[in-house]
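Trainee: Below: one structure in structure tokens.
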Amino acid sequence: MRIEIHNPKDIPDPERNGFNIFPGYKSHITFSQTIIGRLPLPYKDKCFSYADNQGLFMESQMRCIQACIQEYNYMQCGCVEPLSPSKADLTKCNVINSTVLCCLDKVLNNLAFYGHNCKCPLPCLTTYYNKQQTSAKWPSKASFLQKSTI
């Protein structure tokens, strides 16, 4: 099982930010919260308050980047990746079509190689959760032997 501890206002991404809990193990997890505050223009941070913005796809920096990548997809391929968030009026790509799939792949490879020019500044308020996890086999053999001799 994959678990992510995140700010309730953030979109969870357990594949990228999560950790595993395995059956047959007892897990002990502790975490601490760190809040980072930044300042908007005219200060050096030039942060953006995503929480105050009511626009679609702008509730976090990650959503802003996802929407920007979808715009790249639309400009290059004429459609957007169907499983990623996008504006409702944009055509969804038919991923069964190999030409479209190759186009989306090319956009992704270019973004990975060259980076993106998305204007998605750091948020003015960021919450991180620092996690520490320990696991032990459960029930342990010692525990099992102890109970069986009673």
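Residue numbers (this note's numbering): 1 to 150. Backbone N, C-alpha and C fix where the C-beta goes; we use that ideal spot for every residue, glycine too.
(1) Jot down the residue ranges of each uninterrupted alpha helix (DSSP H) in the region 88-140, minimum 4 residues, whole runs only, in chain order.
(2) Is Cys124 closer than 8 Å to Cys68 when the C-beta atoms are compared?
(3) Between which two residues does the beta strand (DSSP E) containing Tyr25 stretch?
(4) Below 7 Å, is the gap between the Cβ of Val107 and the nearest heavy atom of the ligand HEM?
(5) Could you spell out the range, first to last residue, of the alpha helix (DSSP H) harbouring Ile69?
(6) Between Pro40 and Thr34, what straight-line distance do the alpha-carbon atoms span, to the nearest angstrom?
(7) On a Cα-Cα basis, can you pick out the residue from Pro85, Asp89, Tyr50, Cys93 that is closest to Gly78?
Mentor: This is what the structure holds:
(1) Counting whole runs of 4 or more residues, the region 88-140 contains the alpha helix (DSSP H) stretches 98-114.
(2) Taking the sequence shown and counting its residues from 1, one reaches residue 68 at position 68. Taking the sequence shown and counting its residues from 1, one reaches residue 124 at position 124. For Cys68 and Cys124, no; Cβs fall outside 8 Å.
(3) Looking up residue 25 in the sequence shown gives position 25. Tyr25 -> beta strand (DSSP E) spans 25-37.
(4) Annotation note on the ligand HEM: not contained in the displayed structure, which lists no ligands.
(5) Taking the sequence shown and counting its residues from 1, one reaches residue 69 at position 69. Residue range 61-77 is occupied by the alpha helix (DSSP H) that includes Ile69.
(6) Against the sequence shown, residue 40 aligns to sequence position 40. Against the sequence shown, residue 34 aligns to sequence position 34. Each residue's Cα considered, the two are about 20 Å apart.
(7) Locating residue 78 in the sequence shown gives position 78, where the first residue counts as 1. Looking at the Cα atoms, Cys93 is the closest of the given residues.
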